[in-house]
Amino acid sequence: MEPRQQLVKLQGHHQLRNRLVLSLLSGKPVRIDQIRPDADEPGLKDYEVVLLRLLEMISNGTTVRISHTGTQVTFLPGTLINGSVELDIPPTRPVGYYLEALVALAPFGKKPLSCTLRGGITGSDHRGDLTPDTIRTATLPFLAAAYGLDAGGLEVQVKARGSAPLGGCDVRLIVQPALRLHPARLLDQGRVLKIRGIAACTRVAPAMATRLANAARSKLTRYIPDVYVYADAARKDTAGLSPGFAVSLVAESTTGVRYIAEVASRPRVADPETGEEIRAAVNDPEVLATQCSRALLEAIATGGCVDVAHEWLAMVFATVCSDEVSKWKQARRGEHGVDAFTIQALRDIDAFFNVQFKVSETKDGFISLSGVGAGFNSIHRKFT
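Following our numbering, the numbering of the sequence shown begins with 191 at its first residue and continues without gaps.
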């Protein structure tokens, strides 16, 4: 019988998903207190409750205890199994919120994962969740190249798209268990070789997707000739429940480094009592394409070998891969070179895995992160 793991105690709702993932990977139980205690609606949000349900479904023996007020959750992780899973998700958070957690977990399960998520939105929002298109074209190839995941065993299928506010997506993620991971060495960012993208629309004229693609292409071809943006106009049963459109752009360098940018249309948000506008609508495809193109150019100009959207996944896989040094350089962020998100993520990794990363500044002005992995290829089983 295995000794009981010590309970990790944390506070706050920030990075709650990431902490639950680390708990399931490490096998250490976690108790998170003070979850939005002073908010108008205190406690867990609906999408966080659904995430807990999803983690229960892909594991065996996991126990979740939520306090009466919802401001405290105790997560007792079981064994990560994977398997075939279908789940309805709310449109209050993009589907990428769940997909990113599954991408971090599924390679270390006992069986292949086939997870179908229905009902959410496929676009991005202000919280920075990755879209299924970006996960398919950038995230999975990045992990395959950097850490040795089997690219043939990674697949994202977008069977139906969903736009805010009602969603209606149908997305399937397929991941094969990892046999062995190698440490990452990402120190040469290279030069941008090509740019690819997807402009998608739902329940609007198909010309909207074409306008998005053309506008993005016209901005980017000023800098590089190899630009292709595919227009995908969802129709009928594959178009979800709300009108909308989105664009996802990925730039790839000569050394395989990927920079990403995503923007989606959004409806007007008003105060339910006063009717005053809280957030203006964004529904001009040319404006949307310009915003996304500028965001991509800014990411390229900032540089580094790991995009900010992939930074957390890079740290997780470096933590659990073979017990050798993973090292990469990334752009400076914040006053001390790393932002508050990265600092907290490193502290959480130390709490769950007792793995520390060295943070240093390179001669060319970037930030270097390096750490020795714990050597896991599945829960509680080290590499041989």
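Beta carbons: idealized from backbone N, C-alpha and C, even for Gly.
In the structure shown, Ser512 adopts coil according to DSSP, grouped into three states. For Asp529, same chain residues with a beta-carbon under 8 Å away, outside a window of 5 residues either side, are Arg523 in chain order. DSSP, reduced to helix, strand and coil, places Ile385 within a strand of the structure shown.
Ranking Leu277, Gly310 and Ala296 by CA distance to the CA of Leu369 puts Ala296 first. Taking 3 residues as the shortest admissible run, the region 205 to 280 contains the following complete beta strand (DSSP E) segments, listed from N- to C-terminal end: 220 to 223, 253 to 256, 263 to 266 and 273 to 278. From the listed residues Pro232, Gln196, Leu197 and Gly493, the smallest Cα separation to Ile557 is found for Gly493. Runs of alpha helix (DSSP H) with 4 or more residues, each lying fully within the region 284 to 347, are found at 286 to 295 and 330 to 337, listed in chain order. For Ile450, no alpha helix (DSSP H) segment is defined; the enclosing uninterrupted segment is the beta strand (DSSP E) at Arg448 to Ala454.
The DSSP assignment places complete alpha helix (DSSP H) segments of no fewer than 4 residues inside the region 476 to 554 at 501 to 510 and 530 to 543, in order along the chain.
Taking the Cβ atoms as the reference, Gly352 lies roughly 15 Å from Ile325, outside the contact range of under 8 Å. Residue burial is scored here from C-beta neighbours: Asn544 has fewer than 16 other C-beta atoms within 10 angstroms and is therefore classed as exposed.
Pairing Lys517 with Cys495 gives a Cβ-Cβ distance that is not under 7 Å. Sixteen is the threshold: when 16 or more other Cβ atoms of the shown chains lie within 10 Å of the Cβ of His203, as they do, the residue is buried. The Cβ-Cβ distance between Gln195 and Asp223 does not fall below 7 Å. Exclusion of the five residues before and after Gly313 leaves Pro284, Thr321, Ser353, Ala354, Gly434, Ala436 and Ala454 as the residues of its chain whose Cβ lies within less than 7 Å of its Cβ. If you check the CB distance, Ala441 and Thr392 do not come in under 7 Å. Per DSSP, reduced to three states, the secondary structure at Ala390 is strand. The residue from Thr329, Leu277, Lys301 and Val549 with its alpha-carbon nearest to that of Gly309 is Leu277. At a cut-off of 3 residues, the continuous stretches assigned as beta strand (DSSP E) that sit fully inside the region 347 to 430 are 360 to 365, 382 to 392 and 417 to 424. The C-alpha of Arg221 is placed about 28 Å away from the C-alpha of Ser512. In the structure shown, the three-state DSSP call for Glu466 is coil. Gly434: member of the beta strand (DSSP E) spanning Gly434 to Ser443, first to last residue. Gln201 is bridged by DSSP to Asp223. Annotated three-state conformation of Phe566 is strand, per DSSP.
In terms of Cα proximity to Leu536, the closest of Leu503, Lys553 and Thr480 is Leu503.
Here Ala485 is near Ala451, since their CB atoms are less than 7 Å apart.
Separation of the CB atoms of Gly260 and Leu234 is rounded to 5 Å, and the pair is thereby assigned contact status at 8 Å. For Asn473, the closest C-alpha among the options His316, Gly343, Leu402 and Ile225 is that of Leu402.
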